[in-house]
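In this text, residue positions in the sequence shown follow this note's numbering: the first is 2, and each later residue adds one. In this text, a Cβ means the ideal position worked out from N, Cα and C, and glycines have one as well. These figures come from a predicted structure and were not determined experimentally. Here is the structure we will look at.
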Amino acid sequence: MKKIMMTLAAVAVAATMNAQVYLGGGLGFQYHKQGDDKTTIVKVMPEIGYNLDENWAVGIALGYGHTKDTEKYNGQKVSVKTDVFEIAPYARYTFAKFDKVNLFVDGGVDYVHTKVDDLKTNAFAVGLKPGVAVNLNEKLSFVAHVGFLGYQYVKDDVDGADAANSFGFDLDGSNLSFGVYYNF
């Protein structure tokens with residue numbers, strides 16, 4: 002029994018010594034004011050991943066966002082609060098490497114739960130997100146995703162609500178995200 006435990010411990014140590022774990026994600030804050038109208042947005046999207054080999058990685062991103070809009074409507078201030086929770090596991094394939102720049106595509110499943118005041122919405126997506134990683138040094142990378150190819154399903158959490166289904170390719174600036182990774 003002792004030999005089995007020592008062997009398992011040695012395998013675990015060897016696996017972690019060669020581990021290519023990365024931590025990162027995105028962080029955002031925005032405050033906008035125009036007259037009496039104000040908008041505050043906070044977003045946190047931490048991410049953890051593991052490089053299986055030179056081309057393949059798996060990871061997961063967990064996110065939370067909060068928006069508060071305050072504006073005057075008929076002489077009264079009205080506030081709308083939005084909370085967003087997101088979970089997005091993925092598999093990443095790096096298909097091209099140029100010195101410090103890597104081109105990749107993430108294939109994954111996203112779940113997003115949105116709550117605007119009392120209205121709740123659930124969204125699911127399955128698809129591909131192309132991206133680029135710029136390796137600033139051995140430990141630090143700047144990563145950007147642009148676009149989405151896949152299927153999306155959105156439904157309000159209300160009795161009798163119709164679901165919205167869409168399939169397509171979206172490659173524009175409105176579907177752009179940035180992040181920073183620290184490689185262990």
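Proximal residues to residue i (C-beta, below 6 Å), its chain only, five neighbours per side dropped
i: tyrosine 23; result: Gly50, Tyr182, Asn184
i: isoleucine 88; result: Leu63, Tyr112
i: lysine 121; result: Asp158
i: leucine 115; result: It should be pointed out that residue 115 corresponds to threonine in this sequence rather than to leucine. Hits under 6 Å: Val85, Thr122.
Residue i - containing beta strand (DSSP E), residue span
i: asparagine 123; result: 120-136
i: glutamate 87; result: 77-99
i: lysine 140; result: Careful: lysine 140 lies outside any beta strand (DSSP E) and carries neither H nor E.
i: glycine 148; result: Taken as a continuous stretch (DSSP letters only), glycine 148 belongs to no beta strand (DSSP E), as it is neither H nor E.
i: glutamine 35; result: 22-35
i: asparagine 165; result: One detail in the question is off: residue 165 reads as alanine in this sequence, not asparagine. Segment 165-171, the beta strand (DSSP E) holding alanine 165.
i: aspartate 102; result: At residue 102 the sequence reads valine, which differs from the aspartate that was named. Valine 102 -> beta strand (DSSP E) spans 102-117.
i: asparagine 184; result: 177-184
Assigned secondary structure, residue i (DSSP; H/G/I helix, E/B strand, else coil)
i: asparagine 56; result: coil
i: glycine 161; result: coil
Neighbour-count burial assignment, residue i, 16 or more Cβ in a 10 Å radius
i: aspartate 107; result: buried
i: phenylalanine 30; result: exposed
i: phenylalanine 105; result: buried
i: glutamate 48; result: buried
i: serine 142; result: buried
i: alanine 1; result: Nothing about residue 1 can be reported from this structure: the residues present for the chain run from 2 to 185 only.
i: asparagine 103; result: buried
i: glycine 36; result: exposed
Cβ-based neighbour list, residue i, same chain, cut-off 8 Å, excluding 5 preceding and 5 following
i: tyrosine 152; result: Ala126, Val127, Gly128, Asn166, Ser167, Phe168
i: isoleucine 61; result: Glu48, Ile49, Gly50, Ile88, Ala89, Pro90, Tyr91
Within-8 Å CB hit, residue i to chain D
i: glycine 26; result: Considering every chain present, this structure includes no chain D. It has just one protein chain.
query: Is the number of C-beta pairs between the segment 138-148 and the segment 163-176 that are closer than 8 Å three or more?
result: yes
message: With a threshold of 8 Å, are at least 3 pairs of Cβ atoms found where one atom belongs to the segment 67-76 and the other to the segment 92-101?
response: no
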